[in-house]
Amino acid sequence: MSRRRTAALLASAALALVVVPHALPAQGAPSHDRAVAPSRVAASPLIQGVVVDQDGKPVDDVDVQALEVDGTEPAASALTYASEWPDGPQHGYFYVEVPRGSYTLTLAKRGYRTVEYDAGRVVRRHQKVSMGELVIKKVATRSTTSAGLQHATVTTRQRGVVDVTVTGSGGRPTGEVVVREGRDVVGDGTLTRSARGHVTITLDRLGRGDHDLRASFRGSASWRPSTSKVLTLRVVKRRH
887 MSRRRTAALL ASAALALVVV PHALPAQGAP SHDRAVAPSR VAASPLIQGV
937 VVDQDGKPVD DVDVQALEVD GTEPAASALT YASEWPDGPQ HGYFYVEVPR
987 GSYTLTLAKR GYRTVEYDAG RVVRRHQKVS MGELVIKKVA TRSTTSAGLQ
1037 HATVTTRQRG VVDVTVTGSG GRPTGEVVVR EGRDVVGDGT LTRSARGHVT
1087 ITLDRLGRGD HDLRASFRGS ASWRPSTSKV LTLRVVKRRH
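As numbered in the numbering used here, residues 887 to 1126 make up the sequence shown, in order.
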């Protein structure tokens, strides 16, 4: 999301009263399954922003709490807006109405690292503090790698072929996969989103004998690395 788009979103959200989560004082805020639109322009100071992950993608349903610097209880809280439109510009947007004072914002969501930001001091009745994009980092999820040989035995003139599958809870891992014999890489491939967790890797030509191989997913910001069980490829001399 560009800075220009973020600034435009924050301005239009505050002035045009787009459908956004309505923040109430934490002690009296009711629980809502869906975001509701404010019925009036906020008279209290207002802190707003857009929550994105480390890739710049807006994150919905993040719990945003505004805490006074010298207090322990949140002064206000809200969830980042979850738009019904897949590409709606409101994704990740939040605002909280707060009394005058100095605040920090805490962002929390399951599967992400809780983070705190300094929101500064609000002093004017109608003041709007625009935080811009606030990053909340997704916690790397465990992955599982399995692999199988298309043929357990090949000749010295052939190359072994390994089918690799990488799975993970709640998504499809993407990234680089390598096949190693010991520390030596003898083949590699890339998991793309469209591949649905599968990649076929053609190995380098290997000498005669048995070769113990493992397929390893190298991981990413969103996925932990993982390695398959040992595969044994037998390479034999071609018969004339």
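All C-beta atoms, glycine included, are put in the ideal place defined by N, C-alpha and C. Everything numeric in this text was worked out from a predicted model, so none of it was measured.
With a beta-carbon spacing of about 5 Å, T1060 and L1077 fall inside the 8 Å limit used to define contacts. Here the alpha carbon of D939 sits roughly 5 Å from the alpha carbon of K1023. Inter-residue distance for E1002 and L993 is about 6 Å (C-alpha atoms, whole angstroms). Rounded to whole angstroms, A1033 and S1112 show a C-alpha spacing of 12 Å.
Contact between S1102 and R1066 holds, since their C-beta atoms are separated by about 6 Å, short of 8 Å. DSSP places S988 in the uninterrupted beta strand (DSSP E) bounded by 987-994. Shown here, R1120 sits in a strand according to DSSP, grouped into three states. Assignment of S1080 by DSSP, reduced to helix, strand and coil, places it in the helix class. CA-to-CA, the gap between M1017 and P985 works out to about 17 Å. In the structure shown, D941 adopts coil according to DSSP, grouped into three states. Ranking G987, P931, P944, K943 by CA distance to the CA of D956 puts G987 first.
Judged by DSSP in its simplified three-state form, Q976 adopts coil rather than helix or strand.
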